[in-house]
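Okay, structure first, notes after.
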Amino acid sequence: MDVKVTELVIFCILFALVSVLGFVASRWRRPETMEHLDEWGLGGRNFGGWITWFLLGGDLYTAYTFVAVPALMYGAGALGFYALPYTVVLYPIVLLPLVRLWSVSHVHGFVTPADFVRARFGSSTLALLVAITGFIATMPYIALQLVGIEAVLKAMGVEGKWPITIAFLILAIYTYNSGLRAPALIAFVKDTLIYLTVIVAVIVIPAKLGGWDAIFSAAGAKFSAPAAQAAGSGLLLNANNQLNYITLAFGSALALFLYPHSLTGVLAARSRDTVKRNMAALPAYSFVLGLLALLGLMAIAAKIVPVGADPAAGMAGDRNTVVPLLFDWAFPSWFTGIAHAAVGIGALVPAAVMSIAAANLFTRNIYTEYIRPSASPAEEARVSKLASLAVKFVAVILVLGLDTQYSIDLQLIGGVIILQTLPAVALGVFTRWFHKWGLVAGWAVGMAAGFWMLWTIPNPATKREHFGGSAFKLSELGLDTKWTIYTGFLAVTLNLIVAVLVTWGLRAGKVPDGVDLTKPSDYTAEQGDPKVHDIPELVGDGKTSST
Amino acid sequence: MSTTDDRPPEQPARSDRNHWYWLLLIPIIVPLLPMLYNGTDPTLWGIPRFYWLQLLFVVLSVVVTLVVYRQTRGR
Numbered sequence: 000m001d002v003k004v005t006e007l008v009i010f011c012i013l014f015a016l017v018s019v020l021g022f023v024a025s026r027w028r029r030p031e032t033m034e035h036l037d038e039w040g041l042g043g044r045n046f047g048g049w050i051t052w053f054l055l056g057g058d059l060y061t062a063y064t065f066v067a068v069p070a071l072m073y074g075a076g077a078l079g080f081y082a083l084p085y086t087v088v089l090y091p092i093v094l095l096p097l098v099r100l101w102s103v104s105h106v107h108g109f110v111t112p113a114d115f116v117r118a119r120f121g122s123s124t125l126a127l128l129v130a131i132t133g134f135i136a137t138m139p140y141i142a143l144q145l146v147g148i149e150a151v152l153k154a155m156g157v158e159g160k161w162p163i164t165i166a167f168l169i170l171a172i173y174t175y176n177s178g179l180r181a182p183a184l185i186a187f188v189k190d191t192l193i194y195l196t197v198i199v200a201v202i203v204i205p206a207k208l209g210g211w212d213a214i215f216s217a218a219g220a221k222f223s224a225p226a227a228q229a230a231g232s233g234l235l236l237n238a239n240n241q242l243n244y245i246t247l248a249f250g251s252a253l254a255l256f257l258y259p260h261s262l263t264g265v266l267a268a269r270s271r272d273t274v275k276r277n278m279a280a281l282p283a284y285s286f287v288l289g290l291l292a293l294l295g296l297m298a299i300a301a302k303i304v305p306v307g308a309d310p311a312a313g314m315a316g317d318r319n320t321v322v323p324l325l326f327d328w329a330f331p332s333w334f335t336g337i338a339h340a341a342v343g344i345g346a347l348v349p350a351a352v353m354s355i356a357a358a359n360l361f362t363r364n365i366y367t368e369y370i371r372p373s374a375s376p377a378e379e380a381r382v383s384k385l386a387s388l389a390v391k392f393v394a395v396i397l398v399l400g401l402d403t404q405y406s407i408d409l410q411l412i413g414g415v416i417i418l419q420t421l422p423a424v425a426l427g428v429f430t431r432w433f434h435k436w437g438l439v440a441g442w443a444v445g446m447a448a449g450f451w452m453l454w455t456i457p458n459p460a461t462k463r464e465h466f467g468g469s470a471f472k473l474s475e476l477g478l479d480t481k482w483t484i485y486t487g488f489l490a491v492t493l494n495l496i497v498a499v500l501v502t503w504g505l506r507a508g509k510v511p512d513g514v515d516l517t518k519p520s521d522y523t524a525e526q527g528d529p530k531v532h533d534i535p536e537l538v539g540d541g542k543t544s545s546t
Numbered sequence: 000m001s002t003t004d005d006r007p008p009e010q011p012a013r014s015d016r017n018h019w020y021w022l023l024l025i026p027i028i029v030p031l032l033p034m035l036y037n038g039t040d041p042t043l044w045g046i047p048r049f050y051w052l053q054l055l056f057v058v059l060s061v062v063v064t065l066v067v068y069r070q071t072r073g074r
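Listed in order, the protein sequences are those of chains A and B.
Going by numbering that gives the first Met the number 0, the first sequence opens with residue 0, and the numbers climb by one from there.
Going by numbering that gives the first Met the number 0, the second sequence opens with residue 0, and the numbers climb by one from there.
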């Protein structure tokens, strides 16, 4: 494929522009010192409504989502639309847990979900498990952002791994330099470009294809083929995949804010009110995501063939390229360049926030907890900056060394395992009823069950026997049905049952539990309320608590 | 809220116990009922119900969340 010069030039100009922004960000809302984890890792905990909206939107709706969701629609139809109900039910579900978590983190100076778990349940073991789970779930997610950049580069005719390596190198340096301020500032550009691209696309492309009627009848024709029917594809859900559709949407919604990078964006907000108001404003992105998903069906009507596909030889090719190729088909090359830049820059914001979140987990829950308990906030900031470099380095290695399919598999597993922290983190903000060892037992069972179920799922399309998807056949459990269900949902249900049973047992046996360092009023605290660490800081300690 | 509540009288002014939060169940439950939207008719500008109705749920979610936000603000 020839290199598309105009597109590439515009892409590179916009990419260079946001890189400059990334470096300049260190002077934006400049603090007295960057040598504190609250400054580098949480942007000073002082972002207002608009910045939080752009940052969270830029952080949660990743480049991978933008290429993978339409790709799924292109391949399977209705099932891929789960991304919409997922991000619709998301905000009503997380509103209360998030404002409570913001408040308690504000009072106690928590930076990571594991910080909270440690104080709430008085268990460093449970906190370590939560930290490691978050870390493992986040790593492949960062790697997948590279896949997003790779897809648009492929569509522009640029092959090879070196361009994404360079892109990530630049990203690593300015994240090291500016911390969370870099993605927060770049998010303004990213989100504006995405909104622009999607709005133009849903006006221009249907007009070009002869209206929505033509799009849906072309897609319907493709999905009516016997092979597509057998795989459960279609313009509507069939009887067997409805349960999977809703449990996938619901389970993914439960999982999203358990990811450390989502919480980083929330904890960086100035006030409890800022977080709550954003829950009503963020669905604007969900609407865009829904429209974007429809691009997958438009690609069918436009007869887009993925890069590397050869229908005669039965090769599906790289479906992640269908949206970039659709842009290329529909737009003049200068606008295609902008659209590709929107996806490429869309990868930078989440990748930066994720690496910061992973670095904070390492610093707070491994380094300060186990290696240097006396670390000062300045030392924590230094360690976190270095850890963010290491995290990106590993992500690049993942992409360079392994087949992309492994990153996709790992991300699939990541969604299932992060859900296993739900009882400790999300239920923990409401109740202290669970025993710490009950939660540990539930986590272990949920993890084991999740892995086993994912392992049993084949993917006939790619001829793989294991880790072929997240739709678990209920017949594997001996049930006489063709229904499928989202693995993560089943695993976390099991997790909860075990946590409850073991808690009952331990309470009956009077096994000592950890000490709760939080008070009920901490969970409703607002900006300006007294913080726990205000006093120790006066005596020069600066640590939240030494217990 | 309840008569058995024996917290001290200087209890915090803010509380997350508020009936308005129950409204949030509507935009959680409705999008998870496929029988509402898993069909073609009626179509809207040629778009099957499955797609346009689910897009409309975004508006439902925003409206409900805004109402809850306004009614629970500062509490």
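The beta-carbon is built from N, C-alpha and C at its ideal position, and this holds for glycine as well.
Note that the coordinates shown come from a computational prediction; the quantities given were computed from them, not determined experimentally.
Report task. May I ask which residues mark the beginning and end of the alpha helix (DSSP H) holding K3 (chain A)? Result -> Careful: K3 (chain A) lies outside any alpha helix (DSSP H) and carries neither H nor E.
Within 10 angstroms of its Cβ, does A220 (chain A) collect 16 or more other Cβ (buried), or is it exposed?
-> Under the 10 Å beta carbon count, A220 (chain A) is surrounded by fewer than 16 other beta carbons and is classified as exposed.
In terms of alpha-carbon separation, which member of A:A340, A:I496, A:L473 lies closest to N239 (chain A)?
A:L473
message: Does any residue of chain B have a CB that is nearer than 9 Å to the CB of L537 (chain A)?
response: Reliability of the predicted coordinates at L537 (chain A) is poor, the pLDDT of 37 falling under 50, and no value is obtained from them.
ask   = So F466 (chain A) is in the alpha helix (DSSP H); what residue range does that whole segment cover?
value = Taken as a continuous stretch (DSSP letters only), F466 (chain A) belongs to no alpha helix (DSSP H), as it is neither H nor E.
Since G569 (chain A) sits in a beta bridge, which residues does DSSP pair it with? In the structure as shown, chain A begins at 0 and stops at 546. Residue 569 (chain A) is therefore absent and cannot be evaluated.
9 Å is my cut-off, CB to CB: does G210 (chain A) come that close to chain B?
yes
Can you pull out the residues from the stretch 229-255 of chain A whose beta carbon lies closer than 8 Å to at least one beta carbon of chain B?
L234, L235, L236, Q241, Y244, I245, A248, F249
inquiry  = Please tell me whether K275 (chain A) has its Cβ less than 9 Å away from any Cβ of chain B.
reply    = yes
query = Taking 9 Å as the CB-CB cut-off, is P26 (chain B) touching chain A?
reply = yes
**Q.** Under 7 Å (Cβ pairs) to chain B, residues found in the stretch 80-114 of chain A
**A.** F80, L83, P84, V87, V88, Y90, P91, I92, L94, L95, R99
Buried or exposed: where does V68 (chain A) fall if 16 or more other Cβ atoms within 10 Å of its Cβ makes it buried? buried
| Would you call the stretch 2-10 of chain A and the stretch 348-368 of chain A in contact, with 3 or more CB pairs under 8 Å? | Taking 8 Å as the limit for Cβ pairs, the verdict is that the stretch 348-368 of chain A does not touch the stretch 2-10 of chain A.
Margin query: I want to verify the contact list: residues of chain A whose CB lies under 8 Å from the CB of L31 (chain B), in sequence order.
Written below: P84, V88, I245, A248, F249
message = Classify K275 (chain A): buried if its beta carbon has 16 or more other beta carbons within 10 angstroms, exposed otherwise.
response = Taking all protein chains shown into account, K275 (chain A) has 16 or more neighbouring C-beta atoms within 10 Å of its C-beta and is therefore buried.
* At a Cβ cut of 9 Å, what residues of the stretch 28-49 of chain A count as close to chain B, listed as they run along the chain? -> Listed in sequence order: no entries.
Between I456 (chain A) and G445 (chain A), which are expected to be in contact by the criterion C-beta below 8 Å, what is the C-beta distance as a whole number of angstroms? 17 Å between Cβ atoms; not a contact.
query = Hey, is Q70 (chain B)'s beta-carbon within less than 9 Å of any beta-carbon in chain A?
reply = no
Open item on the list: Count Cβ pairs between the stretch 158-178 of chain A and the stretch 33-41 of chain A that sit closer than 8 Å; are there 3 or more?
Closed with: yes
Check your understanding: For the beta strand (DSSP E) that contains I484 (chain A), what are its first and last residues?
Key -> Going by DSSP, I484 (chain A) is part of the beta strand (DSSP E) stretching over 483-485.
- Check whether the Cβ atoms of G295 (chain A) and P305 (chain A) lie closer than 9 Å to each other. no
Just the chain B side, please: which residues come within less than 8 Å of T132 (chain A) by C-beta, in chain order?
Under the 8 Å cutoff, chain B gives no residues; its nearest Cβ is about 25 Å from T132 (chain A).
Go through its chain and collect everything with a Cβ distance to L291 (chain A)'s Cβ below 7 Å, but skip five positions before and after it.
-> F65, V68, P69, V197
Anything in chain B within Cβ reach of M548 (chain A), meaning under 8 Å, just list it in chain order.
Since the first residue of chain A shown is 0 and the last is 546, residue 548 (chain A) is not available in this structure.
Which ranges would you report for the alpha helix (DSSP H) in the stretch 71-145 of chain A if only whole runs of at least 4 residues count?
82-107, 112-120
Once DSSP output is grouped into helix, strand and coil, what is the label at I46 (chain B)?
Residue state, collapsed to three classes: strand.
Q) Are the C-beta atoms of L547 (chain A) and some chain B residue less than 9 Å apart? A) Because chain A here runs from 0 to 546, residue 547 (chain A) falls outside it and cannot be looked at.
When the Cα atoms are used, what is the spatial distance from N243 (chain A) to M34 (chain B)?
-> 14 Å
**Prompt:** Secondary structure at V304 (chain A), three-state DSSP: helix, strand or coil?
**Reply:** coil
* Asked: Hey, out of A:W503, A:R463, A:A448, whose CA is closest to L476 (chain A)'s CA?
  -> A:A448
>> Residues in the same chain with beta-carbon distance under 6 Å from A130 (chain A), minus the five sequence neighbours each way, listed in chain order, please.
In response: Sequence-distant partners of A130 (chain A) (beyond 5 residues in either direction) whose C-beta falls short of 6 Å from its own C-beta, in its chain, are A113, L360, N364.
Contact set between G343 (chain A) and chain B, taken where Cβ atoms lie within less than 9 Å: Within 9 Å Cβ-Cβ: nothing; G343 (chain A) doesn't reach chain B, min ~26 Å.
- Just the Cα atoms here: how many angstroms apart are D515 (chain A) and I141 (chain A)? 34 Å
Between which two residues does the alpha helix (DSSP H) harbouring E379 (chain A) extend? 376-400
| message | Please state whether the Cβ-Cβ distance between R119 (chain A) and G427 (chain A) is less than 9 Å. | response | yes
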